[in-house]
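Peer 1:
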Amino acid sequence: MRNVLRFERGRQDFRERADVTILPSRGGRTQRMPREARRRQLLNAAHQVFVAHGFHGASMDEIAEVAEVSKPVLYQHFPGKRELYGALLDAHMEEFSDLLQEAINSTTDNKRRVSATIRAYYEYISRESQAFRLIFESDLLNDPEIGARIEAFNAKFAGYIADVVAEDTKLSPTQALLMGRAMAGMAQVSARYWVDFADEVPLEEASDLVSRLAWRGIGRFPKES
1 MRNVLRFERG RQDFRERADV TILPSRGGRT QRMPREARRR QLLNAAHQVF VAHGFHGASM
61 DEIAEVAEVS KPVLYQHFPG KRELYGALLD AHMEEFSDLL QEAINSTTDN KRRVSATIRA
121 YYEYISRESQ AFRLIFESDL LNDPEIGARI EAFNAKFAGY IADVVAEDTK LSPTQALLMG
181 RAMAGMAQVS ARYWVDFADE VPLEEASDLV SRLAWRGIGR FPKES
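Under UniProt numbering, the first residue of the sequence shown is numbered 1, with each subsequent residue one higher.
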């Protein structure tokens, strides 16, 4: 019995040191997957299930089944469905935020910067429409914790824009942030509308229309001398 206990403790210590998920397989052997790889696998499975059923209709049983893992393995990484959903949102929003920041920093010409940012927004939605709907059309939007996550994303995007506006104009930081919020809202609302009619208005045309509208407004503010 002592040998068994020592083996189990050693097995647990190895799992923690190596940062791997250890799974029993048929035939008694052990399958190992790096923790981050397993986490990505579980998030991908969760994405499929949440898109298909929404938060309330999804179950941890189905997510484990889609991921082809046992429920104990799923719970090793995420203590519950809410935590799993939050982690999935965070992953999507981090990717989206990085793309938007990259677009803003892609040029120092502000007209091109506006165009690049709006286009990046539309391209992400075109490519990742399911992820976008999970973020902005979730059945948990009224949940305080999930709502706070989404608000943090919106504030971050608006902040990227505000930093450029404040640096390049005579507007105060508060005024610049107001402009940032307005432009971020314009991108989000127009893109959410466009995604349902993308076959009628091509991406290039839609993003160009919104970019020109945004630039006609922000381009008229006086430059900082």
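Beta carbons are placed, not taken as given, at the ideal position from N, Cα and C, and that holds for glycine.
Since this is a predicted model, take the numbers as computed values, not measurements.
Going by beta-carbon coordinates alone, are Y122 and A206 separated by less than 8 Å?
Peer 2: Contact flag set, yes.
Peer 1: Measure how close the beta-carbons of D90 and R149 come, nearest whole angstrom, since I'm counting them as under 8 Å.
Peer 2: That belief holds up - the Cβ atoms of D90 and R149 are roughly 7 Å apart, short of 8 Å.
Peer 1: Per DSSP, T107 is paired with what?
Peer 2: For T107, which the question treats as bridged, DSSP gives no partner whatsoever.
Peer 1: Is the stretch 103-121 in contact with the stretch 81-89, if contact means three or more CB pairs nearer than 8 Å?
Peer 2: With the cut-off at 8 Å, the stretch 103-121 and the stretch 81-89 do not touch.
Peer 1: From the DSSP output, which residues share a beta bridge with T174?
Peer 2: In the DSSP output, where bridge partners are listed per residue, T174 has none listed.
Peer 1: Return the CA-CA distance between S129 and A191, expressed in angstroms with no decimal places.
Peer 2: Computed Cα separation, rounded: 10 Å.
Peer 1: Which residue wins for smallest C-alpha separation from S183, given the options R119, A158, S70 and R82?
Peer 2: The amino acid occupying residue 183 in the given sequence is Met; Ser does not appear at that position. Nearest of R119, A158, S70 and R82 to M183, Cα basis: A158.
Peer 1: Spatial neighbours of D61 within its chain, please: C-beta separation below 7 Å, excluding the five flanking residues on both sides.
Peer 2: So the qualifying residues of the chain are K71.
Peer 1: Answer with buried or exposed for P24, where buried requires no fewer than 16 other C-beta atoms within 10 angstroms of its C-beta.
Peer 2: Confidence at P24 is low in this model, with a pLDDT of 44, below 50, so the placement of that residue should be treated as unreliable; the coordinate-derived value is given next. With fewer than 16 other Cβ atoms within 10 Å, it is exposed.
Peer 1: Just checking: is the beta-carbon of K156 within a distance shorter than 8 Å of some beta-carbon in chain C?
Peer 2: Considering every chain present, this structure includes no chain C. It has just one protein chain.
Peer 1: Excluding five sequence neighbours on each side, which residues of the same chain lie with their C-beta closer than 8 Å to the C-beta of R141?
Peer 2: Inspection of the sequence shows that residue 141 is occupied by Leu rather than by Arg. Cβ within range, chain order: G147 and I150.
Peer 1: Let me know the secondary structure DSSP gives S129 once reduced to three states.
Peer 2: Correct three-state label for S129: helix.
Peer 1: Does the separation of the CB atoms of R39 and H92 fall below 8 Å?
Peer 2: For R39 and H92, no; Cβs fall outside 8 Å.
Peer 1: Do you know offhand how far R212's Cα is from V189's?
Peer 2: Whole-angstrom Cα-Cα distance: 16 Å.
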